[in-house]
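Asks: There's a structure below that I have some questions on.
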Amino acid sequence: MDNEFEAVRIAELAILGTDRLDGVPFGVIGFTSDALVTVYNATESKNAGLRAQRVLGKHFFEEVAPCMNNFMVAQRFEDEEAIDDIVPYVLTLRMRPTPVRLRLLKAPDCATRFVLIERKAAH
2 MDNEFEAVRI AELAILGTDR LDGVPFGVIG FTSDALVTVY NATESKNAGL
52 RAQRVLGKHF FEEVAPCMNN FMVAQRFEDE EAIDDIVPYV LTLRMRPTPV
102 RLRLLKAPDC ATRFVLIERK AAH
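Residues 2 to 124 (the working numbering) are what the sequence shown spells out, left to right.
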């Protein structure tokens, strides 16, 4: 799981169909340059308790994940031309604090930006 989370490339994610994205063991959220959600896989839907129909077309940082609307996540998508970084993070919205690893992906030649979410195993 770690290897796939760390190894997948933005160009691969951009061309995978919904059925393939639904099969990966971590959350995949894709959004436009205006932060409108265009990709929301089944793993993230299950983990977050939000149906894709409720999320698609919504503003990611204002309506879906306002807990990521900060300098560590949202601002980086604004400021940086390209990102491929893994960030330890704690999700807090609509749930008890949940430690995760976020993978932030943005490339100048890809219209979709991605946040991948890997939830850590409970100990």
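Glycine included, every Cβ here is placed at the ideal spot set by N, Cα and C.
Quick one: complete alpha helix (DSSP H) runs, 4+ long, within the stretch 42-67?
Replies: 43-49 and 53-56
Asks: Touching or not, the stretch 40-54 and the stretch 71-79, by the rule of three or more beta carbon pairs under 8 Å?
Replies: no
Asks: For Ala83, does the count of other Cβ atoms within 10 angstroms reach 16, so buried, or fall short, so exposed?
Replies: As a working mapping, residue 83 is identified with position 82 in the sequence shown. Ala83 is exposed by the Cβ-count criterion.
Asks: Let me know if Gln114 comes out buried or exposed under the rule of 16 or more other beta-carbons within 10 Å of its beta-carbon.
Replies: Reading the sequence shown from its first residue, position 113 is the one you call residue 114. The amino acid at residue 114 is misidentified as Gln; the sequence shows Arg. By the neighbour-count rule (16 or more Cβ atoms within 10 Å), Arg114 is buried.
Asks: Check each candidate in Lys121, Asp35 and Leu106 and name the one with the smallest Cα separation from Glu13.
Replies: For the purposes of this step, residue 13 is taken as residue 12 along the sequence shown, with counting starting at 1. Looking at the Cα atoms, Leu106 is the closest of the given residues.
Asks: If you drop the 5 nearest sequence neighbours on each side, which residues of the same chain put their C-beta closer than 7 Å to that of Ala43?
Replies: Stepping through the sequence shown from its first residue, residue 43 is reached at position 42. If we look at Ala43 and ignore the five residues flanking it on each side, its Cβ neighbours are Asp23.
Asks: How about Arg104 and Phe32: are their beta carbons less than 8 Å apart?
Replies: On the sequence shown, position 103 is the one that residue 104 refers to. On the sequence shown, position 31 is the one that residue 32 refers to. No.
Asks: So, is Ile87 buried or exposed, given that buried needs 16 or more other C-beta atoms within 10 angstroms?
Replies: Residue numbering aside, residue 87 sits at position 86 when the sequence shown is read from its first letter. Ile87 is exposed by the Cβ-count criterion.
Asks: Could you pull out every residue in the same chain whose Cβ sits closer than 8 Å to the Cβ of Pro109, ignoring the five residues on either side in sequence?
Replies: For the purposes of this step, residue 109 is identified with residue 108 of the sequence shown, where counting begins at 1. Contacts found: Glu82 and Ala83.
Asks: Kindly list the residues whose CB is nearer than 8 Å to the CB of Leu37, restricted to its own chain and excluding five residues on each side of it in sequence; keep chain order.
Replies: Counted from its first residue, the sequence shown places residue 37 at position 36. Same-chain partners within the cutoff: Gly58, Lys59, His60 and Phe61.
Asks: Going by the DSSP bridge assignment, what does Leu14 pair with across the sheet?
Replies: For the purposes of this step, residue 14 is identified with residue 13 of the sequence shown, where counting begins at 1. Leu14 is not bridged to any residue.
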